[in-house]
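Per full-length UniProt numbering, the very first residue in the sequence shown carries number 1; after that it's consecutive. First up is the structure itself, then whatever we jot down about it.
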Amino acid sequence: MTRRESLWGAYRSIAGVLRRRVETGTYPAGVRLPGEHALSREFGVTRNTVRRAVGTLEDEGLIVAVPGVGRFVRGAASEDARPKYERIAGELRAQIESGAFVPGAALPSEARICERYGVSRFTARQALRQLEAAGLVECVRGRGRVVLPRRP
Numbered sequence: 001m002t003r004r005e006s007l008w009g010a011y012r013s014i015a016g017v018l019r020r021r022v023e024t025g026t027y028p029a030g031v032r033l034p035g036e037h038a039l040s041r042e043f044g045v046t047r048n049t050v051r052r053a054v055g056t057l058e059d060e061g062l063i064v065a066v067p068g069v070g071r072f073v074r075g076a077a078s079e080d081a082r083p084k085y086e087r088i089a090g091e092l093r094a095q096i097e098s099g100a101f102v103p104g105a106a107l108p109s110e111a112r113i114c115e116r117y118g119v120s121r122f123t124a125r126q127a128l129r130q131l132e133a134a135g136l137v138e139c140v141r142g143r144g145r146v147v148l149p150r151r152p
C-alpha cells in the first residue's frame with residue numbers, strides 16, 4: 001500500500017480515536033475539544049483532514065460546534081458552551097419575562113454587567129444589543145437601556 005492510499009482514509013481513523021475518547025470519558029460532556037491546529041499536530045495530518053474527522057462526529061451527534069468558540073462534546077453541560085453574551089442576554093430576558101424588570105425599568109449598566117459576570121464591556125454590549133434586537137429593551141439617552149412594554 002502506498003503512502004497516498006494509507007492517508008486516504010486517515011480522517012476515519014482520527015474520527016474513531018476521537019469517538020473512543022468521547023465514549024470513554026477522556027472528553028466528558030460539555031468539554032471543549034482541542035483545536036484544529038493541536039489535533040493536526042497530534043495526528044500529523046492537515047487541518048482539512050481534522051475538519052473532516054470532527055465533521056463526522058458532528059454528523060453522528062457526538063459533538064456540537066459553537067461558532068467562534070469551538071467544538072464541544074454534546075451533553076447536558078454543552079448548553080454552557082454558548083457564548084457568554086448569549087447566556088447573559090438569556091438571564092436578563094428571563095428576568096424581564098418574570099416581571100423582575102417592569103416596563104420602564106432600567107436594566108443594569110454595561111459597567112454593572114461587566115462587574116457581575118466578569119466580562120468585557122464589548123461582551124456586555126453584545127448581550128444588551130441582543131435584547132434590543134428582540135424588542136425587549138431600548139436605549140434611552142441619559143437612562144441607559146429600559147424595558148419596553150410587552151407587545152400583545
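The C-beta atom is built at its ideal place from N, Cα and C for all residues, glycine as well.
Secondary structure at residue 16: helix, using DSSP grouped into helix, strand and coil. Under DSSP, the beta-bridge partners assigned to residue 106 are 146. For residue 25, same chain residues with a beta-carbon under 8 Å away, outside a window of 5 residues either side, do not exist.
In this structure, residue 22 sits away from residue 39, with a CB-CB distance that is not shorter than 8 Å. Under the three-state reduction of DSSP, residue 129 is assigned to helix. In the three-state reduction of the DSSP assignment, residue 138 falls in the strand class, which pools E and B. Inter-residue distance for residue 133 and residue 19 is about 39 Å (C-alpha atoms, whole angstroms).
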